[in-house]
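Data first, discussion second: the structure below is written as structure tokens.
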Amino acid sequence: MSKRPKNSLHHKTDFGYAWIIVASSFIIYALIIGNIRSYGVVYVEILGTYNASREAASWPLSLLYAVMYFTGVISGILNNYFSTRVIVIIGCLFSSLGISLCFSAESIFHLSIFIGLIQGFGSGLVFPQIPIIINQYFVKLRGTACGFAFAGATIGAFLLPLFTEFLLEQYSIKGCFLVLGALTLNTIPAAMLLRPPTSIVSENLNVNEVKVGAEREMVNVKNIKCSAYETEIKGRCEEKILIAGSQTEDELSNKDSTSTLIKLVKISISLAKNPVYLTLCILHAVFMWSWTTFTLIIVDFAVDKGVEMNEAVVLLSAFAGFDLFGRLTSGYVSDKGFIKRTTIGSISVASIGLLSLAVPLVTNFTFFVLISFSLGVFTGALMILFSVLVVEFVEMEKVPIALGVSLSFYGFIALLRPEIIGYFRDIHNSYNGMFYVMGVKSGNHVGAILS
Numbered sequence: 001m002s003k004r005p006k007n008s009l010h011h012k013t014d015f016g017y018a019w020i021i022v023a024s025s026f027i028i029y030a031l032i033i034g035n036i037r038s039y040g041v042v043y044v045e046i047l048g049t050y051n052a053s054r055e056a057a058s059w060p061l062s063l064l065y066a067v068m069y070f071t072g073v074i075s076g077i078l079n080n081y082f083s084t085r086v087i088v089i090i091g092c093l094f095s096s097l098g099i100s101l102c103f104s105a106e107s108i109f110h111l112s113i114f115i116g117l118i119q120g121f122g123s124g125l126v127f128p129q130i131p132i133i134i135n136q137y138f139v140k141l142r143g144t145a146c147g148f149a150f151a152g153a154t155i156g157a158f159l160l161p162l163f164t165e166f167l168l169e170q171y172s173i174k175g176c177f178l179v180l181g182a183l184t185l186n187t188i189p190a191a192m193l194l195r196p197p198t199s200i201v202s203e204n205l206n207v208n209e210v211k212v213g214a215e216r217e218m219v220n221v222k223n224i225k226c227s228a229y230e231t232e233i234k235g236r237c238e239e240k241i242l243i244a245g246s247q248t249e250d251e252l253s254n255k256d257s258t259s260t261l262i263k264l265v266k267i268s269i270s271l272a273k274n275p276v277y278l279t280l281c282i283l284h285a286v287f288m289w290s291w292t293t294f295t296l297i298i299v300d301f302a303v304d305k306g307v308e309m310n311e312a313v314v315l316l317s318a319f320a321g322f323d324l325f326g327r328l329t330s331g332y333v334s335d336k337g338f339i340k341r342t343t344i345g346s347i348s349v350a351s352i353g354l355l356s357l358a359v360p361l362v363t364n365f366t367f368f369v370l371i372s373f374s375l376g377v378f379t380g381a382l383m384i385l386f387s388v389l390v391v392e393f394v395e396m397e398k399v400p401i402a403l404g405v406s407l408s409f410y411g412f413i414a415l416l417r418p419e420i421i422g423y424f425r426d427i428h429n430s431y432n433g434m435f436y437v438m439g440v441k442s443g444n445h446v447g448a449i450l451s
């Protein structure tokens with residue numbers, strides 16, 4: 001029996017350098033996503049520093065989420081032209097630049113440009129790339145690797161609100177932005193470690209020559225570029241090498257670009273005809289809007305209710321910690337078959353609805369912490385569930401595009417948040433109405449998940 005080639009992609013899966021990829025991904029998610037999820041603390045500071053209304057102060061983060069998820073779709077397309085490492089490095093650089101530029105911001109408009117557009121663009125390039133490279137390095141332990149990598153976002157969301165509050169007390173909002181921008185620069189060395197697998201050729205293919213038709217022709221494989229998507233899908237790269245013997249590089253590139261565009265259009269049309277998928281998209285968008293709005297306003301809401309600022313910040317960490325717990329436990333319970341996924345989804349949505357209705361009734365710190373714990377658990381459970389449900393109801397080859405389109409739905413409704421916050425808090429002087437609306441909407445979605 002012949003030995004497996006030393007440079008085979010399979011030789012490097014699930015161990016060795018693969019865990020360096022996981023560690024790097026953990027750091028990147030902790031600083032990029034964790035930073036965003038700590039902006040509920042900054043939101044309160046923006047109100048005082050820039051003498052802004054709640055509607056105006058919520059625009060930078062709302063625009064960030066919208067741009068981030070719209071850019072996420074672009075990030076996936078860029079995989080056909082650049083490696084994951086290059087895309088993530090550029091994204092980390094933009095994220096750090098956007099945060100650092102806030103040091104010079106003199107108005108909400110400037111913050112919206114720096115946080116909303118620049119940081120949002122950078123974050124949107126980064127977050128879809130991590131699953132791609134983990135899937136390339138892991139086969140048997142793919143779920144475990146993704147769990148550790150994604151945990152970085154939650155750990156960052158647990159620690160960074162407390163650190164951000166410390167920076168605001170010590171250096172004011174501008175100094176805080178400068179330090180957070182410098183901290184985010186540490187993602188670039190981590191991104192440099194995201195090297196692509198060394199082998200993209202199957203074991204039965206000689207790396208120096210390939211057979212085209214009845215003749216054997218020499219092909220310079222090193223000059224043939226395969227995208228991350230092609231590398232991940234078995235056979236795509238080999239096919240590209242085989243036809244390289246009879247086509248020029250320009251012809252090959254033009255053909256790939258055209259076929260990719262046609263494929264995207266066909267898949268998008270088929271997804272639009274899938275009623276179950278469209279229902280999931282709407283549910284996912286509303287759910288994403290609800291929990292990101294909660295993390296944005298909960299600190300300000302708690303302060304309105306008489307909670308001290310240093311205690312209110314803890315609510316974000318409490319939410320993040322139990323968000324991680326919910327993600328881990330719901331995945332394990334559903335995978336083992338103890339409870340059906342639809343049942344977990346229905347319980348989680350119903351619980352989020354009831355807890356949202358209860359939030360306006362809370363008046364002390366202890367109950368705020370209990371509410372944050374509980375919402376974190378059920379939010380984490382739904383985070384995992386939605387992607388799994390998409391895989392169940394959409395063909396596997398359509399899943400990457402389906403997930404991207406699903407997030408784009410949320411990108412659109414994220415732009416509605418400032419108006420809604422302004423209506424309830426600025427005009428009616430209370431966030432209570434927002435929580436009542438979120439609670440009722442969650443209740444309406446229980447039936448949709450069960451069906």
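UniProt numbering puts the first residue of the sequence shown at 1, with every later residue one more than the last. Virtual Cβ for every residue (Gly too), placed ideally from N, Cα, C.
- Rounded to whole angstroms, the Cβ separation of Leu101 and Pro60 is 12 Å, and the two are not in contact under 8 Å.
- For Leu385, same chain residues with a beta-carbon under 8 Å away, outside a window of 5 residues either side, are Ser330, Ser334, Arg341, Ile344, Gly345, Ser348 in chain order.
- Taking C-beta separations shorter than 7 Å and ignoring five residues to either side along the sequence, the partners of Arg425 in its chain run Arg54, Tyr431, following chain order.
- In the three-state DSSP reduction, Val440 falls in the helix class (H, G or I).
- Boundaries of the alpha helix (DSSP H) around Phe301: 275-304.
- Inter-residue distance for Val314 and Ser270 is about 45 Å (C-alpha atoms, whole angstroms).
- In its chain, beyond the 5 residues on either side, Ala30 have a beta carbon closer than 6 Å to the beta carbon of Ile155.
- In the DSSP assignment, Gly40 falls within the alpha helix (DSSP H) that extends over 39-49.
- For Thr71 against Leu125, the beta-carbon gap comes to about 6 Å, under 8 Å, which counts as contact.
- Of the residues assessed, Ser172 falls on the exposed side of the cut-off, its CB having fewer than 16 other CB atoms within 10 angstroms.
- Look at Arg142 here: in three-state DSSP terms it is helix.
- Secondary structure of Arg417 (DSSP, three-state): helix.
- Of the other Cβ atoms in all chains shown, 16 or more fall within 10 Å of the Cβ of Val299; this residue is therefore buried.
- Taking the C-beta atoms as reference points, Phe373 is found no nearer than 8 Å to Phe338.
- Residue state for Ser430 is assigned as coil, using DSSP reduced to three classes.
- Rounded to the nearest whole angstrom, the C-alpha separation of Val437 and Leu167 is 34 Å.
- Taking C-beta atoms under 8 Å as the contact rule, Ile33 and Ala153 qualify, at a distance of about 4 Å.
- Of the candidates Gly122, Asn135, Asn51, Thr144, the residue whose Cα lies closest to the Cα of Ile188 is Gly122.
- Rounded to whole angstroms, Pro131 and Cys146 show a C-alpha spacing of 7 Å.
- Selection Phe294, Val307, Gly306 evaluated against Leu316 yields Phe294 as nearest (Cα-Cα).
- Our two residues, Gly404 and Tyr81, have alpha carbons roughly 18 Å apart in a direct line.
- Shown here, Tyr65 sits in a helix according to DSSP, grouped into three states.
- Just measuring C-alpha positions, the residue of Ser24, Tyr17, Arg37, Phe15 sitting nearest Ala318 is Arg37.
- Taking all protein chains shown into account, Gly380 has 16 or more neighbouring C-beta atoms within 10 Å of its C-beta and is therefore buried.
- Cβ neighbours of Ser356 within its own chain (closer than 7 Å, five residues either side excluded): Phe435, Met438, Gly439, Ser442.
- Secondary structure of Thr13 (DSSP, three-state): coil.
- Distance from the Cα of Asn186 is smallest, within the candidate group Phe409, Ser24, Arg195, for Ser24.
- Secondary structure at Val362: coil, using DSSP grouped into helix, strand and coil.
- Contact between Leu194 and Thr84 holds, with the beta-carbon distance rounding to 6 Å and staying under 8 Å.
- Just measuring C-alpha positions, the residue of Tyr410, Gly306, Ala320 sitting nearest Leu361 is Gly306.
- Linking Ile427 to Ile421 through their CA atoms gives a straight-line distance of about 9 Å.
- Going by beta carbons, Phe365 and Glu311 fall inside the 8 Å limit.
- In the DSSP assignment, Arg195 falls outside any alpha helix (DSSP H), carrying neither H nor E.
- Check the Cα spacing between Pro196 and each of Asn135, Leu296, Asn51, Ala149: the tightest is with Asn135.
- Out of Gly48, Gly116, Leu78, Ser406, the CA that lies nearest to the CA of Ser268 is found in Ser406.
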